[in-house]
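Participant: Could you have a look at this structure, given as structure tokens, before my questions?
Numbering (the working numbering), first residue to last: 1011 to 1177.
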């Protein structure tokens, strides 16, 4: 592929990855607000709320996360010529951290809540899985904001021309 053509497609990919990672960062803020509201939901109603949330995850959250991860990972294969490898590698390392922590931490705790774990215990204290989610969710938010910022920085670097110094 001609270098100019490759850079053209790499720029389009970076724009897509930036839009998707920014949308994912926004979505995680909405998710966090949703999680915070759970502590105010009565235990009998929580099963229905969690079941509805699972549907939202399946239809909105996961497709966006998969598209975002795919676009970010594709920057490894279609690297813009103006980008140093370390920027692409660092961004994809952040993406990998998002995926690993999502599946090893938050998905597990969500599953525990969904299987009768509820947000509140019988004595009205917050359940351990819910507390784990709320105590660590800042990490997920930080990772996703950092990922969006990194893809934006790559897009800016790829699309900003540098002027030669005047003699």
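C-beta: ideal position from N, C-alpha, C; glycine also.
Treat the numbers as computed from the prediction; the structure is a model and nothing was measured.
Which residues in the same chain as residue 1026 place their Cβ atom closer than 6 Å to its Cβ, once the five residues preceding and following it in sequence are excluded?
Facilitator: Looking up residue 1026 in the chain shown gives position 16. The residues are 1081.
Participant: Does the beta carbon of residue 1037 sit closer than 9 Å to a beta carbon anywhere in chain B?
Facilitator: Among the chains of the structure shown, chain B does not appear; only one protein chain is present.
Participant: May I ask you to list the residues that DSSP assigns as paired with residue 1136?
Facilitator: One-based indexing of the chain shown puts residue 1136 at position 126. Residue 1136 pairs with 1130.
Participant: Compute the Euclidean distance between the alpha carbons of residue 1168 and residue 1115, then round it to the nearest angstrom.
Facilitator: Translated into positions along the chain shown, residue 1168 becomes position 158. Translated into positions along the chain shown, residue 1115 becomes position 105. Rounded to the nearest angstrom, the two C-alpha atoms are 34 Å apart.
Participant: Which of the three DSSP states is assigned to residue 1118 in this structure?
Facilitator: Translated into positions along the chain shown, residue 1118 becomes position 108. Helix at residue 1118.
Participant: If you drop the 5 nearest sequence neighbours on each side, which residues of the same chain put their C-beta closer than 7 Å to that of residue 1162?
Facilitator: Start at 1 with the first residue of the chain shown, and residue 1162 comes out as number 152. Here the set comprises 1028.
Participant: Take every Cβ of the stretch 1146-1163, pair it with every Cβ of the stretch 1100-1116, and state whether three or more of those distances are shorter than 8 Å.
Facilitator: Enough Cβ pairs lie closer than 8 Å, so yes.
Participant: Does DSSP put residue 1089 in a helix, a strand or coil?
Facilitator: Walking along the chain shown from the start, residue 1089 turns up at place 79. Three-state result, residue 1089: coil.
Participant: Is any non-hydrogen atom of the ligand MG found closer than 8 Å to the C-beta of residue 1036, if you look at the structure I gave you?
Facilitator: This structure does not include the ligand MG; it has no bound ligands of any sort.
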